[in-house]
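S.K.: Start counting the sequence shown at 24; every next residue gets the next number (this note's numbering). Note that the Cβ used here is the ideal one computed from N, Cα and C, for glycine as well. A quick note: this is a predicted structure, and the numbers were derived from the prediction, not measured. If you scroll down you'll find the structure; I have some questions about it.
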Amino acid sequence: MSWFLLFIAGLLEVAWAAGLKSSDGFTRLWPSVFTLVTAAGSFVLLAIAMRQLPLGTAYAVWTGIGAVGAFIFGIVMMGEALTVARVASAALIVIGLVGLKLSSGH
C-alpha cells in the first residue's frame with residue numbers, strides 16, 4: 024500500500040507542477056488553488072508512505088516520478104522539445120527509480 028500511495032503522491036507532484044506553470048506565478052486564481060490543493064495532497068501521501076518506506080528511497084522515487092512525469096507532460100501537453108538527450112536523461116531517472124525500488128527490501 025505504501026508504494027501505491029507514493030505513486031499517487033508522485034502523480035500529484037506532476038499535477039501541482041503543471042498547475043504552477045498554469046498559475047502564471049500565482050496570478051491566476053483557479054490554477055493557483057489547484058496547485059496548492061494538489062501539492063498538499065502530494066505531501067500528505069508522501070508522509071504517509073514514509074511511515075513504511077525508507078526516507079531516501081521514498082523521497083527519490085517521489086521526486087523521480089514528478090520529474091519524469093513533468094517531462095512527459097511538458098512534451099505532450101505544452102509542446103516542449105523532444106530530443107534524444109532529454110529522453111535518454113529521463114530514461115536514466117527511470118532506471119534509477121527501478122533500482123531503488125528493487126533494492127529497498129519493501
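Could you compute how far the alpha carbon of A81 sits from the alpha carbon of G122?
M.R.: Approximately 12 angstroms between the Cα atoms of the pair.
S.K.: Does the contact criterion of 3 or more C-beta pairs under 8 angstroms hold for the region 67 to 79 versus the region 94 to 103?
M.R.: No contact exists between the region 67 to 79 and the region 94 to 103.
S.K.: Could you tell me the distance, in whole angstroms, from the CA atom of W53 to the CA atom of G128?
M.R.: W53 and G128: Cα-Cα distance of roughly 41 angstroms.
S.K.: Measuring CB to CB, does A90 end up less than 7 angstroms from I71?
M.R.: Their beta carbons are not under 7 angstroms apart, which means A90 does not touch I71 by this criterion.
S.K.: Nearest to L59 by alpha carbon, out of A40, L69 and L68?
M.R.: It is A40.
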